[in-house]
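Numbering (the numbering used here), first residue to last: 2 to 573. Idealized CB from N, CA, C, for every residue including glycine. Have a look at the structure below, then the notes.
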Amino acid sequence: MVKFKIDGIELEVPKGTTVLEAARKIGIEIPTLCYLKDVNNPASCRACLVEVGPRLIASCALVAENNMDVKTNTQKVRDARKTVVELLLSNHKRECTTCIRSENCELQKLAKELNIRDIKYEGERTKGIIDDSSTSVVRDQEKCILCGRCISTCGNVQTVHAIGWARRGFATNVTPAYDRALSETVCVNCGQCIIACPVGALHEKENIKDVWKALNDKEKYVVVQTAPAVRVAIGEEFGLPMGTRVTGKMAAALRKLGFDKVFDTDFAADLTIMEEGTELLKRLNTGKNLPLMTSCCPGWVKFVEHQYPDMTDNLSTCKSPHQMEGALIKSYFAQKMGIDAKNIVVVSIMPCVAKKFEENREELSCDGLADVDYVLTTRELAQMIKEAGIDFINLSDEEFDNPFGESTGAGVIFGATGGVAEAALRTIFELLSGKELETVDYTAVRGVEDIKEAVIELPDGRKINAAVAHGLSNARKVLEMVRSGEKHFDFIEVMACPGGCVNGGGQPIVNAKVKEKVDVRLERAKGIYSEDKDLPLRKSHKNPYIKKLYDEFLKEPNSEVSHKYLHTHYVK
Ligand code: HC1
Ligand code: SF4
Ligand code: SF4
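Dropping the structure here:
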């Protein structure tokens, strides 16, 4: 242990603790911009300067030592921090009123806290570009403050390394190698860099205008569906605590926006379990293409295509749930309603920016029509609700529309890491045994441990070895273990985003300081599991509308019709 003082307060902390960590533990506020807990700590922004003797030192890189006397609140410290931020602002494209991150920008917030009223150092600014080549992520270099949080996230958390540092000194910027467009790189579109960025230098490619246009077009029948993870996060955009379930208010708001039908992607998550569970049992019988790897996360699918092309046959052929639902809306539902599928516009509300890439893939279409026409993030939906002047907080709960509005708890838990595996296990076991499961909670695959493993004994004595990984660095570890023969798995669930979709790149952006105290992944997952617990049905195969869909249209899981609408293939 080390004994030292911060602002006269005696402290005892474990060896290796930084002054920043120690100060925050006792409630002393030190500003930071580049620091992102467990991800990024380059000591580059210098906003966290503190005074130790005659020197000003960055507290994030200052390891506490015995007898140190640290001061965090002197005039010298306040002036120095102010100068640091003024210099950053002098080289920043300051269009705060129209910036996508206005009111949720860490630089704006800090400038206000430090009472910066004018920019003293006007002069030449570093030139940069706006790269909007990607379907998912837009980069605006002139808003970048060179904190490096995106680079560390992409490189260390995701092991993708699509972006990095280039040039030196005043010309330094963040860019893909050789200044390529992001769309020409190995970027998997996960958007984790967006939610790591403290400012508006990275954001999603917006589709709000496209959706308003469709809603205003009298010829179009506009249908919306919402992903499991949106309902436990969108409330944050309206000031509700993290993880608050607002499923009914969300359905009501969507109706007020003018959508003709309000469907739930959770229904198709149940359907995915029927299709993927059947696929798993078939592969177990033939021994081919094992382990079966989940395919509902387009960031993960892209990662496999780029980095493990020899393993694409291991991916499930199932489309992701919202793509399945889109294909069914334009076939089964259109036929039922007597609507020309060409006039239907399907909008998916997703916690994800990779889904924007996914819906544009030509592999995800049927009869010449894209399954899904537009994907909006949770943030974009909140924006539309605000633009429409809807009093979200005071809305009364409404239900989803049928035939795609009913889901089981198994569909809901898709939104958290381990959810797909748990949902599959609930169904596979029952279908094989013909017996009711006594407990449906497979807690071994829940939580945010990097890699989770479970062995499930089937009624016929066979065992299924399952692995669950979230975040692509963990996925890479699992694939390397499989390749080297170190581990044998039959089933692998991967979600590209740490924590799964609850922490997707399209979700409300949480300030880095809040992330230090609260695990966003766990808070939102709590909302997911409580919705699961409260639903009367918790196993996909019990969903009455799923049974009806098979009776009326698909016949049986993995049938020819199912393959036409619900399955796809990948590129190597
Ligand atoms: Fe997901 Fe999925 S869980 S991929 O994260 O399989 O986006 O929430 O909608 O499609 O259901 C996302 C979430 C989502 C799909 C489902
Ligand atoms: Fe990297 Fe994901 Fe950002 Fe692409 S979207 S640059 S893969 S973090
Ligand atoms: Fe999208 Fe979910 Fe995959 Fe993240 S984990 S890229 S939010 S599908």
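Would residue i and residue j be called neighbours here (beta carbons separated by less than 9 Å)?
i, j, result
"Phe-264", "Gly-124", "no"
"Glu-107", "Val-200", "yes"
"Leu-57", "Val-78", "yes"
"Val-225", "Lys-262", "yes"
"Glu-143", "Gly-129", "yes"
"Val-305", "Phe-260", "no"
"Ala-197", "Thr-154", "yes"
"Ser-137", "Lys-357", "yes"
"Thr-279", "Pro-558", "yes"
"Ala-215", "Asp-372", "no"
"Gln-324", "Glu-360", "yes"
"Thr-409", "Met-275", "no"
"Trp-213", "Met-385", "yes"
"Leu-50", "Arg-25", "no"
"Ala-228", "Cys-353", "yes"
Compare the Cα-Cα distances from residue i to each of the options and report the closest residue.
i, options, result
"Leu-272", "His-570, Ser-153, Lys-573, Tyr-546", "Tyr-546"
"Pro-509", "Thr-418, Phe-239, Tyr-309", "Phe-239"
"Ser-134", "Leu-536, Pro-177, Ala-172", "Pro-177"
"Thr-418", "Cys-502, Lys-219, Lys-110", "Cys-502"
"Ile-457", "Asn-466, Val-449, Glu-450, Asp-451", "Asn-466"
"Asp-211", "Gln-336, Pro-43, Val-348", "Val-348"
"Gly-149", "Phe-490, Glu-454, Gln-193", "Gln-193"
"Gly-604", "Gly-339, Ile-7, Leu-34, Thr-136", "Because the chain is modelled from 2 through 573, residue 604 falls outside the range shown and cannot be assessed."
"Glu-277", "Arg-126, His-542, Ile-394, Phe-554", "His-542"
"His-570", "Lys-320, Ala-65, Asp-368, Thr-19", "Lys-320"
"Lys-158", "Gly-472, Asn-512, Phe-490", "Reading off the sequence, residue 158 comes out as Val, not Lys. Comparing Cα positions, the closest option is Gly-472."
"Gly-505", "Pro-43, Ser-60, Ala-230", "Ala-230"
"His-489", "Ala-513, Ala-455, Thr-287, Gly-500", "Ala-455"
"Gly-288", "Ala-252, Lys-303, Ile-386, Arg-463", "Arg-463"
"Thr-266", "Phe-415, Lys-573, Asn-361", "Phe-415"
"Ala-112", "Glu-364, Lys-283, Leu-90", "Leu-90"
"Gly-528", "Leu-115, Thr-248, Val-51", "Thr-248"
"Asn-92", "Gly-339, Asn-105, Ile-120", "Ile-120"
"Gly-17", "Arg-126, Ser-60, Gly-54, Leu-50", "Ser-60"
"Ser-366", "Gln-336, Leu-377, Leu-329, Asp-402", "Leu-329"
"Thr-122", "Val-161, Gly-500, Leu-88, Asn-475", "For clarity, residue 122 is Tyr in the given sequence; the question names Thr instead. Among Val-161, Gly-500, Leu-88, Asn-475, the Cα nearest to that of Tyr-122 is on Leu-88."
"Arg-522", "Ser-531, Glu-532, Gly-500, Asp-535", "Gly-500"
Any idea if residue i is buried or exposed, counting beta-carbon neighbours within 10 angstroms, 16 or more meaning buried?
i, result
"Pro-292", "buried"
"Gln-109", "buried"
"Val-515", "exposed"
"Arg-447", "buried"
"Ser-434", "exposed"
"Glu-22", "buried"
Hey, residue i and residue j are a contact pair by Cβ (cut 8 Å); roughly how many whole angstroms apart?
i, j, result
"Leu-316", "Phe-492", "No, Leu-316 and Phe-492 are not in contact; Cβ-Cβ is about 12 Å, not under 8 Å."
"Lys-548", "Val-441", "About 19 Å; that fails the 8 Å criterion."
"Met-243", "Arg-525", "6 Å"
"Ala-497", "Cys-188", "Between Cys-188 and Ala-497 the Cβ distance is about 11 Å, and since that is not below 8 Å, they are no contact."
"Leu-480", "Tyr-309", "6 Å"
"Phe-171", "Met-69", "Incorrect: roughly 34 Å between the Cβ atoms, too far for contact."
"Thr-160", "Ser-474", "5 Å"
Between the alpha carbons of residue i and residue j, how many angstroms are there, rounded?
i, j, result
"Thr-318", "Cys-100", "40 Å"
"Cys-191", "Ala-470", "15 Å"
"Ile-345", "Val-413", "26 Å"
"Leu-438", "Glu-431", "6 Å"
"Ala-48", "Thr-75", "14 Å"
"Cys-145", "Ala-163", "16 Å"
"Asp-451", "Ala-422", "15 Å"
"Phe-2", "Ala-65", "The sequence as given places Met at residue 2; Phe does not occur at that position. When rounded, the distance between both Cα atoms is 10 Å."
"Thr-33", "Val-14", "21 Å"
"Ala-254", "Ile-209", "15 Å"
"Tyr-36", "Asp-311", "37 Å"
"Phe-393", "Asn-105", "19 Å"
"Ser-332", "Ala-342", "7 Å"
"Glu-574", "Ile-31", "Any question about residue 574 goes unanswered here, given that the chain covers just 2 to 573."
"Leu-567", "Leu-426", "21 Å"
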